[in-house]
Amino acid sequence: MTAFFRLLARNRLALAGLIVMTVVVILALLTPLLPLADPDVTDTGNRFQPPFSEGALLGTDHLGRDLLSRLMWGTRLSLAVGFAAAIAAATIGAAIGIIAGFYGGRTDNIIMRGVDMLMAFPYILLALAIVAALGPGLLNALIAVAAVNVPFFARNIRGITVGIAHKEFVDAARLAGLSNARIILTEILPNVVPVIVIAMSTTIGWMILETAGLSFLGLGSQPPQADLGSMLGEARSALITNPHTSIVPGVMILIIVMSINLLGDGIRDALDPRLKSGALSRPMAATNVDRKETPPAATGRGLLEVQALETQFHVKNRVYKAVGGVDLHVEPGECLGIIGESGSGKSVTALSVMGLVASPPGVITGGAVRYEGEDLVGAPYRKLRSMRGKNVAYIFQDPLATLHPLYKVGDQLIEAIRSHRPIGKDEGRKTAIELLKSVRIPNPEKRISDYPHELSGGMRQRVGIAMALANEPDIIIADEPTTALDVTVQAQILSLLDDLRRSRGLAIVFITHDFGVVAQLCDRVAVMYAGRIIEEGTTAEVLENPMHPYTARLMACVPELGEGKRRLEAIRGLPPVVDKLPPGCAFADRCERVQDVCRQGEIPLEGEEGRAVRCLFPVTEPPPADAKPAQSQEAAE
Ligand code: ADP
Ligand code: MG
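Per this note's numbering, the very first residue in the sequence shown carries number 128; after that it's consecutive.
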């Protein structure tokens, strides 16, 4: 709750709205206690007194009534009617929406068609019809305004409820034997309340306006009772001669509706967790670049070379150093493995290559990414776009999330091809079928018109691979492509990738957290930890003689066939959070060989050509004489 208010307060406009609204509401509440003239006493001798005249701060109206007093009482009434209408509309609308969404089927159909019919009427016309039927009066105006807003709430809440009613936790509640009423009250309602609040806060201003509108037409509050709308209505005839009588209630309506709307927007933003993280701010087409230093010179190594790459996330006043100086290179036709625990920066490294890290909050703050020697960091978007998919293609972990659910897989493949070369419909279809064949999808002529959800996980990932192959890239970056699949399917996908690589001369950057997969596929491997490479070498060397204690521990986590019984040891502790990296070795707190020097200053990635480790006391050397068991920071404190 405090977080909510802090967020709200950060939004200047919403804060201003909140303050103004609070003042108005407090004044409205205090009105009966204030020393005001009677709002309804006429004094025709003193009609149309200008503002700041004796005894009438805001002047008087056409019957000589004190405008200030009428304004205060009128505001009080308008606010009360507006809020009451909003609460009534929200309660009834939400109840209808929840029932329709929860029960579905015929209930839903009957209710929602009724709601649709109400919505088909012009708004104001419907309100007028209701008042005409019930007769003029403030209460009837309230009923009319609430009634015309019920469909809006019902539609909104029904949509949300339909989404929730099929979630697992609701099924679980059903299986637990809870009654429908209990499920609605304890499982559904708490999840829709924020939406109700948001819908209310953004429509309350509108309802106050509508009520004022009805009063303006003489259908709401009846004389002599003042509300803002009726004050405007009565002042209408003197609009030119005595404008202050209209301006006073008009300005008040403006103030109230403005501040409520600003506040409502602020509440909506503060309640939406996605806005907080910046996830809803539109990401740029390419990652932001803010390099302080000039990028390192080209060395000509590899087809793709990543040099001292630094990618950070700037969230509020924190800086997450997700990638802190990574050097990599891939030769044509080579398979490079990148391995590391979850959160070690593998994906961010991979996405930085083509400027695909979401910005904001992502920023590339240093280094270079060279494709055939040319630096791509900060390259114009057109350049990056022409290369994405054509030179460097990606395969991601979850193909269900990367394929569009509403298009047939064939159409998505054709679209991928057409984004880089113009081809006709028939040719596109032919190419798509060939692509599906090349990733060993049986019966591709049929599968091409399947939707993603009609395929199994393994098949979907094959489509993902086919998509990556669509424009015959030189490099495929595969980010944990088999993590979501079961072991047998994983093996098939790996052998498919291996074949494709050999038959097409593809270079593959294969990201994984599984040494078994690396052993099967990769020529070389780089081990990442806390955003940096801590060891690299050929797969055989790294697997046989891991040098970094982390690599050694990571490999001890892999079960091996025929090894007999062996304890699979998890690594104690957690990786460091990348916004507070310790000086020296990031693994120090979890390392058994840690010495004091490990925590002091930068440790370089050292070794001869192609085989390097970022460790002062690698495992291949005898442990330092005074080695003591590792002590984690927490344990030491
Ligand atoms: P992995 O190695 O599992 O692929 P990632 O590259 O996805 O790890 O993430 C690396 C680090 O970057 C993580 O510590 C993560 O917390 C951080 N990170 C990733 N995305 C964001 C983001 N949008 N905002 C802040 N931090 C992020
Ligand atoms: Mg990842």
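Quick reminder that beta carbons are idealized off the backbone N, C-alpha and C, glycines included.
Give the straight-line distance between the Cα atoms of residue i and residue j, rounded to the nearest whole angstrom.
i	j	result
Glu581	Thr615	20 Å
Tyr250	Ser357	20 Å
Asp165	Gly182	12 Å
His189	Glu361	8 Å
Ala697	Glu468	12 Å
Arg741	Arg720	14 Å
Gly332	Val289	28 Å
Glu671	Phe229	58 Å
Gly500	Leu430	8 Å
Val322	Gly241	22 Å
Glu337	Leu302	46 Å
Lys473	Arg659	9 Å
Cys712	Cys725	6 Å
Gln758	Thr678	Note on Gln758: pLDDT 44, under 50, position unreliable in the model; the coordinate value appears next. For Gln758 and Thr678, the distance between alpha carbons rounds to 19 Å.
Phe523	Leu245	46 Å
Leu540	Pro487	29 Å
Asp553	Ser583	27 Å
Leu463	Ile620	17 Å
Ile661	Phe637	17 Å
Asp243	Ala254	16 Å
Leu316	Tyr447	37 Å
His293	Leu142	37 Å
Pro350	Thr368	22 Å
Pro673	Pro709	24 Å
Arg631	Ile394	55 Å
According to DSSP, is residue i helix, strand or coil?
i	result
Asp601	coil
Val616	helix
Arg445	strand
Met483	The amino acid at residue 483 is misidentified as Met; the sequence shows Leu. Correct three-state label for Leu483: coil.
Glu501	strand
Ala763	For Ala763, the predicted structure reports a pLDDT of 40, less than 50, and the residue's modelled location is therefore unreliable. A value from the coordinates is still provided. Ala763 falls in the helix class under three-state DSSP.
Ala611	coil
Phe279	helix
Ile355	Ile is not the amino acid found at residue 355; the sequence shown has Leu there. In the structure shown, Leu355 sits in a helix (DSSP, three-state: H, G or I).
Asn318	helix
Val566	coil
Ala303	coil
Val669	helix
Gly584	helix
Asp626	helix
Ile215	According to the sequence displayed, residue 215 carries Ala and not Ile. Looking at Ala215 - three-state DSSP - the assignment turns out to be helix.
Thr368	coil
Leu463	strand
Ala141	helix
Leu521	A small fix is needed here, since residue 521 is Tyr in this sequence, not Leu. Note: Tyr521 maps to strand in three-state DSSP.
Thr426	coil
Thr421	coil
Leu621	helix
Glu337	helix
Kindly list the residues whose CB is nearer than 7 Å to the CB of residue i, restricted to its own chain and excluding five residues on each side of it in sequence; keep chain order.
i	result
Met239	Ala227, Arg285
Tyr508	Ala412, Ala413
Glu314	Phe296, Val297, Ala300
So, for residue i: in the same chain, excluding its five sequence neighbours on each side, which residues have a beta-carbon less than 6 Å away from its beta-carbon?
i	result
Pro178	Leu185, Gly186, His371
Leu134	Ala397
Asp354	Gly201, Leu204, Ser205, Ser342, Ser348
Arg515	Met481
Gly585	Leu612, Val616
Gly391	Ser328, Thr329
Let me check one thing: in DSSP terms, what residues is residue i bridge-paired to?
i	result
Glu662	Val654, Val740
Leu156	Bridge partners of Leu156: none, in fact.
Leu436	Val453
Arg634	In the sequence under discussion, the amino acid at residue 634 is Ala, which differs from the Arg named in the question. Paired residues: Ile602.
Gly493	Glu437
Ala183	Ser180
Asn415	Val490
Leu540	DSSP lists no partner for Leu540.
Leu134	Paired residue(s): none; Leu134 is not in a bridge.
Within its chain, find whatever has a CB closer than 8 Å to the CB of residue i; leave out the 5 residues flanking it on each side and keep chain order.
i	result
Leu434	The residue asked about is misnamed: residue 434 is Gln in this sequence, not Leu. So the qualifying residues of the chain are Pro422, Pro423, Thr426, Asp454, Gly494, Ala495, Val496, Arg497.
Ile387	Gly144, Met148, Ser328, Ile331, Gly332, Ile335
Thr665	Asp650, Arg651, Val652, Gly737, Arg738
Arg309	Ala300
Ser373	Leu359, Ala362, Arg363, Ala365, Leu366
Arg556	Gly537, Ile541, Ile575
State yes or no: is the C-beta of residue i nearer than 7 Å to some heavy atom of the ligand PLP?
i	result
Glu607	As far as ligands go, the structure on display features the ligand ADP and the ligand MG and does not contain the ligand PLP.
Which residues have their C-beta within less than 6 Å of a heavy atom of the ligand ADP, listed in chain order? That query returns the following residues: Phe440, Val442, Tyr447, Ala449, Gly467, Ser469, Gly470, Ser471, Gly472, Lys473, Ser474, Val475, Pro488, Val705.
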